[in-house]
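Residue 1 is where the sequence shown starts when you use my numbering, and the numbers rise one by one after that. We put the beta carbon where it would ideally sit given N, CA and C, even for glycine. What you are looking at is a predicted structure, and each value in this text was computed from that prediction instead of being measured.
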Amino acid sequence: MSFPKPLFLFLLLLLPLLPWAQQRPADRPGAPPTPTQGQRIELLGAGRLQGGTFNGVEIRKLIGNVSFKQGTTLLYCDSAYQYTERNALEAFSNVRIIQNDTITITGDRGTYDGDTRKARMTGNVTMRDPRMTLTTQLLDYDLNRNLAYYSTGGHLQDPENTLDSQFGYYNTQSKVFSFKRNVKLITKENTIDTDTLQYNTVSKIAYFFGPTRIRGKQGNLYAENGTYNTITKVSNFARNAKIETPNYLLGGDKIFYDEARQYGVATGHVSMTSKKDNIEIRGDVGRYWRAQGRAKVYGSRPVMRNINDKDTLYLTADTLVSLEGRPPQNKAGVIYAYRKVGIFRADLQGRCDSLTYDRQDSVIYLSHDPVLWNQKNQLTADSMQIQQRKGQIDQMRLYGHAFSIGQDTLLNFNQVKGRYMVAYFRDKSIKKIDVLGNAESLYYALEGDTAVSGVNKSVSATMALRFADSKLQTISFLTNPEASFIPPNELKPEDAQLKDFRWRPKERPTRRQTLGKHFALPVKPKKKAAPKKKPAATPRKAAPVKKKTAPAAPKPVVKK
Numbered sequence: 001m002s003f004p005k006p007l008f009l010f011l012l013l014l015l016p017l018l019p020w021a022q023q024r025p026a027d028r029p030g031a032p033p034t035p036t037q038g039q040r041i042e043l044l045g046a047g048r049l050q051g052g053t054f055n056g057v058e059i060r061k062l063i064g065n066v067s068f069k070q071g072t073t074l075l076y077c078d079s080a081y082q083y084t085e086r087n088a089l090e091a092f093s094n095v096r097i098i099q100n101d102t103i104t105i106t107g108d109r110g111t112y113d114g115d116t117r118k119a120r121m122t123g124n125v126t127m128r129d130p131r132m133t134l135t136t137q138l139l140d141y142d143l144n145r146n147l148a149y150y151s152t153g154g155h156l157q158d159p160e161n162t163l164d165s166q167f168g169y170y171n172t173q174s175k176v177f178s179f180k181r182n183v184k185l186i187t188k189e190n191t192i193d194t195d196t197l198q199y200n201t202v203s204k205i206a207y208f209f210g211p212t213r214i215r216g217k218q219g220n221l222y223a224e225n226g227t228y229n230t231i232t233k234v235s236n237f238a239r240n241a242k243i244e245t246p247n248y249l250l251g252g253d254k255i256f257y258d259e260a261r262q263y264g265v266a267t268g269h270v271s272m273t274s275k276k277d278n279i280e281i282r283g284d285v286g287r288y289w290r291a292q293g294r295a296k297v298y299g300s301r302p303v304m305r306n307i308n309d310k311d312t313l314y315l316t317a318d319t320l321v322s323l324e325g326r327p328p329q330n331k332a333g334v335i336y337a338y339r340k341v342g343i344f345r346a347d348l349q350g351r352c353d354s355l356t357y358d359r360q361d362s363v364i365y366l367s368h369d370p371v372l373w374n375q376k377n378q379l380t381a382d383s384m385q386i387q388q389r390k391g392q393i394d395q396m397r398l399y400g401h402a403f404s405i406g407q408d409t410l411l412n413f414n415q416v417k418g419r420y421m422v423a424y425f426r427d428k429s430i431k432k433i434d435v436l437g438n439a440e441s442l443y444y445a446l447e448g449d450t451a452v453s454g455v456n457k458s459v460s461a462t463m464a465l466r467f468a469d470s471k472l473q474t475i476s477f478l479t480n481p482e483a484s485f486i487p488p489n490e491l492k493p494e495d496a497q498l499k500d501f502r503w504r505p506k507e508r509p510t511r512r513q514t515l516g517k518h519f520a521l522p523v524k525p526k527k528k529a530a531p532k533k534k535p536a537a538t539p540r541k542a543a544p545v546k547k548k549t550a551p552a553a554p555k556p557v558v559k560k
């Protein structure tokens with residue numbers, strides 16, 4: 001009895017399925033279409049079928065338009081080996097796996113284990129879903145865990161971004177990629193380099209876990225942990241976070257930055273450094289508006305440090321604001337400080353409630369009860385102006401109720417006051433004071449710096465005082481002078497002070513008070529103590545040798 005050839009082939013294909021059909025219970029009605037582990041791979045069709053062995057294992061060799069199915073997973077190829085003793089196959093040439101009509105994997109060669117539901121694709125591998133395309137040379141895909149992974153380098157592309165890495169994992173259910181080693185993400189505006197990154201292909205948010213650098217047209221960002229939204233261009237960075245622009249470097253424990261608004265916020269150990277003029281500001285919170293060129297630092301008394309060749313100026317206040325320069329009016333910019341301002345430099349200390357530092361002209365403006373100290377001199381006025389030249393104080397201008405107090409060697413208070421005053425400096429010391437309007441002075445005359453010989457009091461419309469070695473040398477009365485000399489025995493307490501005299505040494509800022517917690521005090525190198533010289537060993541004196549004396553010879557006895 002003979003069978004038609006098509007019918008014979010059909011029966012031959014059914015033979016491997018008969019034992020499996022007898023061993024497995026029938027699917028329950030209404031069961032989910034997702035196949036259970038170990039479901040037999042179903043051959044849908046092939047151009048030609050041959051039986052045989054491969055490496056000692058019985059197989060079926062399928063050639064031409066081969067197609068398989070397992071649940072919702074389809075596999076196509078030009079040829080395949082299907083193992084008859086186990087639920088597995090090898091596919092060759094134009095291999096294509098389709099899962100749930102959404103994920104497609106293609107490659108030159110593939111293997112698939114129907115029991116573990118794991119596939120491996122090699123050679124020009126491409127994985128596509130509606131949101132992205134992944135290319136690599138070797139891809140493993142676990143259909144049970146919905147996880148694809150590669151270790152030979154991969155390239156991911158979606159409509160907005162491209163990404164390359166050495167290792168990668170893709171969860172096809174959550175649509176989240178995980179990348180490691182030599183990760184580079186390129187967006188339309190930025191290039192991101194990191195070591196470990198997660199990327200959600202739905203939300204387009206990248207998560208960083210390691211040193212990360214974002215380089216873009218508007219500046220660079222660095223952090224060791226954080227997120228970046230490639231759609232909204234919003235960054236949330238942590239751990240050694242920094243924003244770098246052509247003019248500034250902004251850092252903190254955490255940084256939020258919105259590229260669209262060009263606005264950033266830094267918190268925790270905030271530092272803002274100006275690259276042009278060695279100015280650094282530190283505080284607890286910093287806000288940056290790049291379009292305005294404006295930065296604001298506050299929290300725990302922020303501190304500005306300005307380093308130059310000669311000296312370092314420290315400035316502290318409740319709030320510090322920095323404005324970038326706007327050429328041609330001001331190329332360097334301005335710093336504003338307000339509420340409880342403190343200044344410290346080796347040759348100058350001061351306090352006020354509001355300060356403006358014009359970095360273009362190196363001029364500092366102080367207002368709201370300003371007071372300055374230079375060596376043993378104290379200067380006060382309604383407002384002040386400090387002019388610098390080559391990093392050194394050149395002039396101080398005092399406007400309104402100007403008052404200068406200095407102590408002599410006997411701790412007496414020499415005083416000068418007037419409506420307007422200009423103090424000229426040389427080598428960090430006052431060399432001349434010009435008093436303009438309602439000038440008054442009170443100076444103690446000393447004998448050899450050891451005794452007071454009297455007090456000189458004078459009144460004039462204008463006055464000029466000259467100093468040498470921090471001591472008054474001459475006073476010139478230029479308009480309508482009136483002067484008097486008071487001997488020590490006639491000196492009354494009210495004659496020892498001019499009106500509005502106020503000595504304020506307790507308010508003088510110290511270095512420690514000004515630097516606060518943001519800058520450590522300079523550490524002076526300890527001089528290494530010279531090694532102690534061991535005393536030279538003195539030779540032991542030999543014990544004196546006792547000489548044995550011979551017994552004295554008996555005196556001769558003379559007999560008579």
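If you draw a straight line from the C-alpha of residue i to the C-alpha of residue j, how long is it?
{"i": "D361", "j": "T474", "result": "32 Å"}
{"i": "G264", "j": "F256", "result": "5 Å"}
{"i": "A588", "j": "F425", "result": "No information on residue 588 is available, as it lies outside the stretch 1 to 560 that the chain covers here."}
{"i": "Q166", "j": "Y199", "result": "15 Å"}
{"i": "E324", "j": "Y288", "result": "11 Å"}
{"i": "Y207", "j": "V66", "result": "41 Å"}
{"i": "K417", "j": "N456", "result": "14 Å"}
{"i": "Q157", "j": "M132", "result": "6 Å"}
{"i": "E259", "j": "V334", "result": "24 Å"}
{"i": "Y169", "j": "T106", "result": "17 Å"}
{"i": "Q387", "j": "R397", "result": "8 Å"}
{"i": "G391", "j": "S178", "result": "53 Å"}
{"i": "Q99", "j": "L74", "result": "7 Å"}
{"i": "T319", "j": "D284", "result": "11 Å"}
{"i": "A91", "j": "T196", "result": "34 Å"}
{"i": "V363", "j": "S203", "result": "51 Å"}
{"i": "V95", "j": "G110", "result": "7 Å"}
{"i": "T245", "j": "A266", "result": "15 Å"}
{"i": "S562", "j": "F485", "result": "Only positions 1 to 560 of the chain appear in this structure, which leaves residue 562 out of reach."}
{"i": "G45", "j": "F68", "result": "7 Å"}
{"i": "D164", "j": "I307", "result": "43 Å"}
{"i": "N171", "j": "T84", "result": "31 Å"}
{"i": "F54", "j": "S93", "result": "18 Å"}
{"i": "Y365", "j": "Y420", "result": "15 Å"}
What residue from the options has the CA that sits closest to residue i's CA?
{"i": "G406", "options": "Q385, K390 and L372", "result": "L372"}
{"i": "D253", "options": "M304, Q262, G226 and D277", "result": "G226"}
{"i": "F403", "options": "A381, M396, K390 and N94", "result": "A381"}
{"i": "Y399", "options": "R389, K390, Q392 and M384", "result": "M384"}
{"i": "T136", "options": "N124, V202 and R128", "result": "N124"}
{"i": "L159", "options": "F68, R48 and T201", "result": "The residue asked about is misnamed: residue 159 is Pro in this sequence, not Leu. Of the candidates F68, R48 and T201, the one whose C-alpha sits nearest the C-alpha of P159 is T201."}
{"i": "I433", "options": "A451, V452, H518 and D394", "result": "D394"}
{"i": "Q50", "options": "I41, G64 and R40", "result": "G64"}
{"i": "I59", "options": "D311, G71, R502 and S79", "result": "S79"}
{"i": "H518", "options": "N438, I281 and R294", "result": "I281"}
{"i": "M121", "options": "L134, Y83 and D115", "result": "L134"}
{"i": "N87", "options": "G268, G114, R466 and E42", "result": "G114"}
{"i": "I205", "options": "V176, R215 and T196", "result": "V176"}
{"i": "D309", "options": "D277, R466 and Q39", "result": "D277"}
{"i": "L43", "options": "G52, G56 and L89", "result": "L89"}
Excluding the 5 residues flanking residue i on each side, which residues of the same chain have their C-beta closer than 6 Å to its C-beta?
{"i": "K118", "result": "D142"}
{"i": "Q173", "result": "N146"}
{"i": "T212", "result": "T194 and A223"}
{"i": "T316", "result": "R301, V303, G342 and T514"}
{"i": "S367", "result": "S354 and S383"}
{"i": "T104", "result": "I98 and R128"}
Compute every distance between the C-beta of residue i and the non-hydrogen atoms of the ligand PLP, then say whether any falls below 6 Å.
{"i": "N236", "result": "For the ligand PLP, the structure offers nothing, since it holds no ligand at all."}
By Cβ distance, which residues of its chain are closer than 7 Å to residue i, with the 5 residues on each side in sequence left out?
{"i": "N161", "result": "L185, I186, T187 and T230"}
Beta-carbon within less than 8 Å of residue i's beta-carbon, same chain only, minus the 5 sequence neighbours each way: which residues are those?
{"i": "R562", "result": "Residue numbering for the chain in the displayed model covers 1 to 560; residue 562 lies beyond these limits and cannot be assessed."}
Would you call the segment 412-432 and the segment 492-501 touching, i.e. three or more CB-CB distances under 8 Å? Between the segment 412-432 and the segment 492-501, the count of C-beta pairs closer than 8 Å reaches three or more; the two stretches touch.
List, from N- to C-terminal side, the beta strand (DSSP E) runs of 3 residues or more that fit wholly inside the segment 395-462. Uninterrupted beta strand (DSSP E) stretches at least 3 residues long and entirely within the segment 395-462 occur at 413-426 and 429-447, given in chain order.
Residue ranges of each beta strand (DSSP E) run of no fewer than 3 residues wholly in the segment 212-288, ordered along the chain? DSSP runs (the beta strand (DSSP E)) wholly in the segment 212-288: 219-229, 234-244, 248-258 and 263-274.
Answer yes if the segment 347-357 comes into contact with the segment 473-491, meaning at least three C-beta pairs across the two stretches below 8 Å, and no otherwise. Too few Cβ pairs lie closer than 8 Å, so no.
Any chance you could list the beta strand (DSSP E) runs of at least 3 consecutive residues sitting entirely within the segment 113-141, in chain order? DSSP assignment within the segment 113-141 yields the following whole beta strand (DSSP E) runs of 3 residues or more, N-terminal first: 118-129.
Report yes or no: do the segment 190-198 and the segment 214-234 share at least 3 C-beta pairs separated by less than 8 Å? Taking 8 Å as the limit for Cβ pairs, the verdict is that the segment 214-234 does touch the segment 190-198.
Using 8 Å as the threshold, is the segment 506-519 in touch with the segment 335-345, meaning 3 or more CB pairs across them? Yes: the two stretches touch, three or more of their Cβ pairs being nearer than 8 Å.
Does the pairing of the segment 427-435 with the segment 443-457 give three or more beta-carbon distances under 8 Å? No, they do not touch.
List in chain order: all unbroken beta strand (DSSP E) runs of 3+ residues lying wholly within the segment 62-93. Within the segment 62-93, the complete beta strand (DSSP E) runs of at least 3 residues fall at 73-83.
Run through the segment 324-381 for me and flag every whole beta strand (DSSP E) of 3 or more residues, listed as ranges in chain order. Annotation note: the segment 324-381 contains the following uninterrupted beta strand (DSSP E) runs of length 3 or greater, listed N- to C-terminal: 334-345, 348-358, 363-367, 371-374 and 377-380.
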